[in-house]
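J.: This structure is in structure tokens; I'll ask about it shortly.
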Amino acid sequence: MTVRGRRLFYVPLLLLVACGGDSQLPSYDLGGSAMGTTFNITLVAPPADTDLDLLKASIYEKLEHIENIASTYRSESELSLFNSSASTDWITVTPELCSMISAAQEVSVATQGAFDITVGPLVNLWGFGPPQQDSELPTNEEIHAAQANVGYAALQTDCDKSLMRKATPGTYLDLSGWAKGYAVDEIAVLLNAKHLENYLVEIGGELRIRGHNAEQGKFSIALEKPLQNNDMTYTVLAISDVAVATSGDYRNFFMHDGHRYSHTIDPRTGRPVDHDLTAVTVVSTSTAFADAMATALLVLGPEDGHALAEKLGIAGYFLVRSGNGVEERSTSQFEDLRRM
Ligand code: ADP
Ligand code: MG
């Protein structure tokens with residue numbers, strides 16, 4: 315039996331807002347839906363001349379713009395047009411799409427393809443992409459056939475000339491593991507340009523913080539710690555001027571014959587990740603990088619993921635299923651943040 319009732323609670327991070335005291339600064343919350351999820355933005359003590367309505371409009375415009383470039387859920391997006399072309403000649407794309415792709419490719423290189431935006435045919439085959447879901451599991455033949463179109467190293471970019479080239483007519487790029495983090499970074503650029511110095515921007519659990527909260531302290535972020543009985547506990551981080559992203563196997567998955575199939579695909583096996591690592595949080599300076607790196611570390615699993623994060627000097631926080639609960643594992647960089 316396949317249960318495809320996705321459990322779509324989309325915010326894997328809880329924000330703790332301290333109670334207001336006398337020193338409470340004015341703060342404004344903007345929120346809404348975008349990119350198949352929700353977003354929340356908190357602005358603390360914006361400059362007096364900030365037009366909040368105008369700001370909100372430009373944030374929506376920015377999100378629309380990114381979805382029109384990078385969403386596989388919009389058939390007319392620039393990425394969808396690239397995906398649906400069968401040409402393996404160089405294709406002219408916008409500089410923005412090219413730079414997104416080439417930045418994502420850098421994470422593929424650093425993780426030896428654990429993060430790989432060419433994984434799209436497998437994502438779709440397993441029912442986690444835009445095409446209609448099939449209630450049957452894919453066969454080995456279908457997986458092998460999809461894998462023939464997967465492999466970041468064969469995707470070419472020449473961003474000086476804004477050109478990209480598919481490896482095979484079936485190359486299909488999936489930026490879902492990049493675009494939310496990228497959008498958070500782009501909104502931060504927009505806020506910085508308007509001279510906002512204290513804010514929190516969060517899209518679907520990927521977030522970025524600058525400056526201080528309304529109590530003039532650090533923003534507190536609670537990282538979910540799922541327990542076997544569906545309860546949650548939290549690890550709290552008080553931080554500023556960082557990006558935080560989490561990838562987990564417990565929010566978007568389906569069950570088939572008692573087995574969990576997560577939306578994170580291991581490009582090496584062509585199958586959803588299958589190990590005891592249930593969530594990875596990465597703290598970095600770029601949300602796009604943190605978003606992608608969290609996915610890569612989740613693919614690599616509790617040992618290899620932790621070892622790579624340690625080797626690359628990444629602040630990573632790993633939750634590993636163990637008995638009836640979860641075990642925490644952090645890299646030394648993450649421990650440093652915790653002590654701050
Ligand atoms: P999470 O918060 O769990 O990382 P995201 O939405 O950020 O979730 O990213 C997961 C999405 O990334 C999947 O739904 C799929 O579209 C895509 N994806 C799955 N596996 C990979 C992979 N190995 N590399 C890059 N993207 C992937
Ligand atoms: Mg992610």
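Everything in the sequence shown is counted per this note's numbering, starting at 315 for the first residue and increasing by one. Glycine residues also receive a C-beta, built at the ideal position from the N, C-alpha and C atoms.
Can you round the beta-carbon distance between His620 and Val358 to whole angstroms, since I take them to be within the 8 angstroms contact cut?
T.: No, His620 and Val358 are not in contact; Cβ-Cβ is about 35 angstroms, not under 8 angstroms.
J.: Beta carbon of Ala559: closer than 7 angstroms to some heavy atom of ligand 2?
T.: yes
J.: On the DSSP letters alone, give me the boundaries of the beta strand (DSSP E) that Ser636 sits inside.
T.: 629 to 636
J.: On the DSSP bridge list, what partners appear for Asn354?
T.: According to DSSP, Asn354 bridges with Gly345, Glu516.
J.: What does DSSP give as the partner residue(s) for Thr600 in the beta ladder?
T.: Rather than Thr, the amino acid found at residue 600 in this sequence is Ser. For Ser600, which the question treats as bridged, DSSP gives no partner whatsoever.
J.: Counting along the chain, where does the alpha helix (DSSP H) carrying Tyr496 start and finish?
T.: Counting along the chain, the unbroken alpha helix (DSSP H) around Tyr496 starts and ends at 493 to 507.
J.: Looking at Leu368 and Ala348, is the spacing between their C-beta atoms short of 8 angstroms?
T.: no
J.: Taking the straight line between their C-alpha atoms, what separation do you get for Thr482 and Asn397?
T.: 11 angstroms
J.: Give the secondary structure of Tyr575 by DSSP, where H, G and I count as helix, E and B as strand, and everything else as coil.
T.: strand
J.: Ordered along the chain, which non-local residues of its own chain (more than five positions away) have a Cβ less than 7 angstroms from that of Asn512?
T.: Val358, Ala359, Arg524, Gly525, His526
J.: Let me check one thing: in DSSP terms, what residues is Glu642 bridge-paired to?
T.: Leu633
J.: Note down the Cα distance separating Ala602 from Asn454, rounded to an integer number of angstroms.
T.: 32 angstroms
J.: Whose CA, out of Ser636, Asp555, Glu375, Glu500, lies closest to the CA of His589?
T.: Nearest Cα to His589 within the set Ser636, Asp555, Glu375, Glu500: Ser636.
J.: Please name the residue in Leu541, Leu451, Thr408, Val640 whose C-alpha comes closest to that of Lys475.
T.: Thr408
J.: Taking only heavy atoms of ligand 1 into account, decide whether any of them is closer than 7 angstroms to the Cβ of His526.
T.: no
J.: How would you write the range of the alpha helix (DSSP H) that Lys539 sits in, first residue to last?
T.: No alpha helix (DSSP H) contains Lys539, which is instead part of the beta strand (DSSP E) from 533 to 540.
J.: Beta-carbon within less than 7 angstroms of Trp492's beta-carbon, same chain only, minus the 5 sequence neighbours each way: which residues are those?
T.: Met414, Ala418, Ile431, Ala602, Asp605, Ala606
J.: For Pro444 and Asn438, what's the separation of their Cα atoms in angstroms?
T.: About 7 angstroms.
J.: Taking Cβ to Cβ, would you say Thr351 is nearer than 8 angstroms to Gly345?
T.: no
J.: Is the beta carbon of Thr595 sitting closer than 8 angstroms to the one on Val558?
T.: yes
J.: Which residues does DSSP pair with Asp580 in a beta bridge?
T.: Arg585
J.: Whole angstroms are fine: how far does the CA of Asp472 sit from the CA of Lys480?
T.: 12 angstroms
J.: Strictly by DSSP, which residues pair up with Asp472?
T.: Its beta-bridge partners are Leu477.
J.: Over the uninterrupted beta strand (DSSP E) stretch that includes Ile553, give me the two end residues.
T.: 546 to 553
J.: Going by Cα to Cα distance, which pick from Phe632, Ala497, Pro435, Ser394 is closest to Lys539?
T.: Phe632
J.: Among Glu649, Arg565, Asp571, which residue has its Cα nearest to the Cα of Thr549?
T.: Glu649
J.: Regarding Ile431 and ligand 1, is the C-beta to nearest heavy atom distance less than 7 angstroms?
T.: yes
J.: Pop quiz: Leu541 and Gly639 are said to be a contact at Cβ under 8 angstroms. What is the actual Cβ separation, rounded to whole angstroms?
T.: 6 angstroms
J.: Note down the Cα distance separating Gln338 from Ala528, rounded to an integer number of angstroms.
T.: 5 angstroms
J.: Please confirm whether any heavy atom of ligand 1 lies closer than 7 angstroms to the CB of Gly465.
T.: For Gly465, the shortest C-beta to heavy atom distance toward ligand 1 is 7 angstroms or greater.
J.: Would you mind giving the Cβ-Cβ distance between Val587 and Leu612, rounded to the nearest angstrom? I have them listed as a contact below 8 angstroms.
T.: 6 angstroms
J.: Out of Arg652, Asn354, Thr485, which has the shortest C-alpha to C-alpha gap to Val498?
T.: Asn354
J.: Return yes when the C-beta of Thr609 is under 7 angstroms from any heavy atom of ligand 2, and no when it is not.
T.: yes
J.: Would you give the residue range spanned by the alpha helix (DSSP H) that Ala417 belongs to?
T.: Its alpha helix (DSSP H) spans residues 409 to 424.
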